[in-house]
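Undergrad: Input: one structure, supplied below.
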Amino acid sequence: MKQPWRIPDFLDLEYFFAADRQLAEEEGEAVLRDRDRELYLHHMSGEEAEGKPEWEWLIHRWLQERRRLTNEEQNSQALLPGRMWYELYGLFWSVLAFLAFGAGSTACYSYLSYSGEQPVNVSLFFLVFVGGQLLFLLLLPLGWLLRKLRGRDLRDSLLLALVNKGLNRFLFAVR
23 MKQPWRIPDF LDLEYFFAAD RQLAEEEGEA VLRDRDRELY LHHMSGEEAE GKPEWEWLIH
83 RWLQERRRLT NEEQNSQALL PGRMWYELYG LFWSVLAFLA FGAGSTACYS YLSYSGEQPV
143 NVSLFFLVFV GGQLLFLLLL PLGWLLRKLR GRDLRDSLLL ALVNKGLNRF LFAVR
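If you want it as structure tokens, here you go:
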């Protein structure tokens, strides 16, 4: 079964490729060839299915072994770019959920606070706060369907392109 590639996998793969380019410049290609041959013969050779293994599988297993070796070298304290991205991604969504909860709570409180002068219109409250959420929930599959009918995928998304550009700048600045 193919294992799906995730963003942390690509980040770590690029990190290891850059480290290998630097190592090849300093010590030569023979060091890389010997290391990768050792990895394959001792850690990966018995795992493939019958016949010749696929390149994608080999690269993914090579990446897993390089992560494992890096973690062993640094006593499980290796801060690889993929792990950093995964942790920052989780933190981002946690902060976003907290801010969304705070904004929603503040909006609800400001609408539902009763001053004693005018009664609270519960129907309007449900229309604005619950109906708005249901409308967004219904628009999401509609947007997905329109994107599929037009033959576009996420690579055509402007938001994804901006996030990708910002993430690349951040990672190159950290490096």
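To convert, note that position 55 of the sequence shown is 77 in the numbering used here; the numbers rise steadily by one, no gaps.
Beta carbons: idealized from backbone N, C-alpha and C, even for Gly.
1. Compare the C-alpha of Glu109 against each of Phe192, Pro26, Pro30 and Arg191 and name the closest.
2. Please return the same chain residues whose Cβ sits closer than 6 Å to the Cβ of Arg88, not counting the five positions on each side in sequence.
3. How about the stretch 76-90 and the stretch 131-145: do they share at least three Cβ pairs that are nearer than 8 Å?
4. Which ranges does the alpha helix (DSSP H) cover as unbroken runs of at least 4 residues, wholly within the stretch 126-160, from first to last along the chain?
5. Is it the case that the Cβ atoms of Phe147 and Leu134 are separated by a distance below 9 Å?
6. Is the separation between the beta-carbon of Phe32 and that of Gly104 shorter than 9 Å?
7. Any idea what DSSP makes of Glu109, helix, strand or coil?
8. Under three-state DSSP, which class holds Leu101?
9. Which residue from Gly153, Ile81 and Arg57 puts its Cα closest to that of Glu36?
10. Quick check on Asn166: buried or exposed, where buried means 16 or more other Cβ atoms within 10 Å of its Cβ?
11. Please look up how many angstroms separate the CB atoms of Trp84 and Asp42, rounded, as I've assumed it's under 8 Å.
12. Do you know offhand how far Pro55's Cα is from Leu61's?
TA: Looking at the coordinates:
1. Comparing Cα positions, the closest option is Pro30.
2. Phe38
3. no
4. 144-147, all fully within the stretch 126-160.
5. Taking 9 Å as the Cβ cut-off, Phe147 and Leu134 qualify as a contacting pair.
6. yes
7. helix
8. Correct three-state label for Leu101: coil.
9. Ile81
10. Looking at the sequence shown, residue 166 is not Asn but Trp. Under this definition Trp166 is an exposed residue.
11. So it is not a contact: roughly 11 Å between Cβ atoms.
12. Note that residue 55 corresponds to Arg in the displayed sequence, not to Pro. Roughly 10 Å separates the two Cα atoms.
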